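Below is one structure, written out as structure tokens; comments come after it.
Numbering (this note's numbering), first residue to last: 1 to 295.
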């Protein structure tokens, strides 16, 4: 029996692919024949993804060192290697964005599409032809998907990747951010960067924060004995400000290095934004960001 599950969503436009821990929502537009070819290519490529990653897991769970063999693993390695000097990070920090990126590449190699996206649990790779744009739905908590704003990503922007992280999300976090979202040129870069920015939003040693060694929750975690956040109690307003300021400082460093285009950081109802992007030829502030399918 095949592991891969594939079906069209009720809207008849988006493809849902699932294999174990990997769950993708894929959207493509254009000539129906081209869309069909794109979805067929996505299905075929997806069938190889999990086994390809599992073959190199020991290497991918170590801080970026030697270049791995697989195409997705190399995307993960390239995205995290420049960040090693800033903080502890392994290629696994970029796995979701790299899978989305690789899937989109397979689709575009098989079909001509005006626009398309691959959403891997909130880490999104985008394709935008000339004159196209996506409006991305935004939330302030990955575990409670209630839209409160949108961000427009236009073809003329450099942004082709969006990633969201935080202690409430599906992956472990060393920080206390409810959500951090990053815009970058590629989904793999956004995924790697958002992990470190979310880690930086923190109040080390604070009594309101419950932490557990990652290995106690997942014995083979790439984080080992590092303490991951499991709960965050009430914080004083000045503590929220301090934690966000730490994350903002690190995000500003990555913007200055041109690793990312922009970021939004959210904690306890407060949001801070970093960076700018061009929309319609005019520099605009990044609105609050979060997780959600483009439209």
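Even glycine gets a Cβ: it sits at the ideal position worked out from N, Cα and C. The model shown is predicted, which means the values in this text are computed figures rather than measured ones.
Inter-residue Cα distance where the pair is residue 15 and residue 205: Distance between the alpha carbons of residue 15 and residue 205 is about 44 Å.
Touch test, the region 107 to 119 against the region 87 to 98, Cβ-Cβ under 8 Å, three pairs minimum: Contact between the region 107 to 119 and the region 87 to 98 is absent, because fewer than three Cβ pairs lie under 8 Å.
Inter-residue CB distance, residue 201 and residue 265 (contact presumed, cutoff 8 Å): With a contact defined as Cβ atoms closer than 8 Å, residue 201 and residue 265 qualify at about 6 Å.
Buried versus exposed, by CB contacts within 10 Å (16 or more), residue 257: Its Cβ having fewer than 16 others within 10 Å, residue 257 is exposed.
Supposed close pair residue 193, residue 267 - CB separation, criterion 8 Å: By a beta-carbon distance limit of 8 Å, residue 193 does not contact residue 267. Their separation comes to about 18 Å.
Selected residue, minimal CA-CA separation from residue 47, among 215, 20, 28 and 155: It is 20 whose Cα lies nearest to the Cα of residue 47.
CA nearest to the CA of residue 17, picked from 43, 242, 173 and 170: Shortest Cα-Cα distance from residue 17 to any of 43, 242, 173 and 170 involves 43.
One or two residues paired with residue 28 in a DSSP bridge: Answer is 116.
Proximity of residue 189 and residue 260 at Cβ, strictly below 9 Å: The answer is yes: Cβ separation under 9 Å.
With 16 other Cβ atoms within 10 Å as the buried cut-off, status of residue 225: Residue 225 is exposed by the Cβ-count criterion.
Simplified DSSP state of residue 70, which is helix, strand or coil: Coil at residue 70, not helix or strand.
Counted within 10 angstroms of its Cβ, other Cβ atoms place residue 84 as buried (16 or more) or exposed: When all chains shown are included, residue 84 counts as exposed.
Simplified DSSP state of residue 206, which is helix, strand or coil: DSSP, read as helix, strand or coil, puts residue 206 in coil.
Alpha-carbon to alpha-carbon, residue 165 and residue 79: Each residue's Cα considered, the two are about 16 Å apart.
Residues of its chain near residue 50, where Cβ-Cβ distance is below 7 Å and the 5 sequence neighbours each way are ignored: Answer for residue 50: 19, 20 and 22, listed in chain order.
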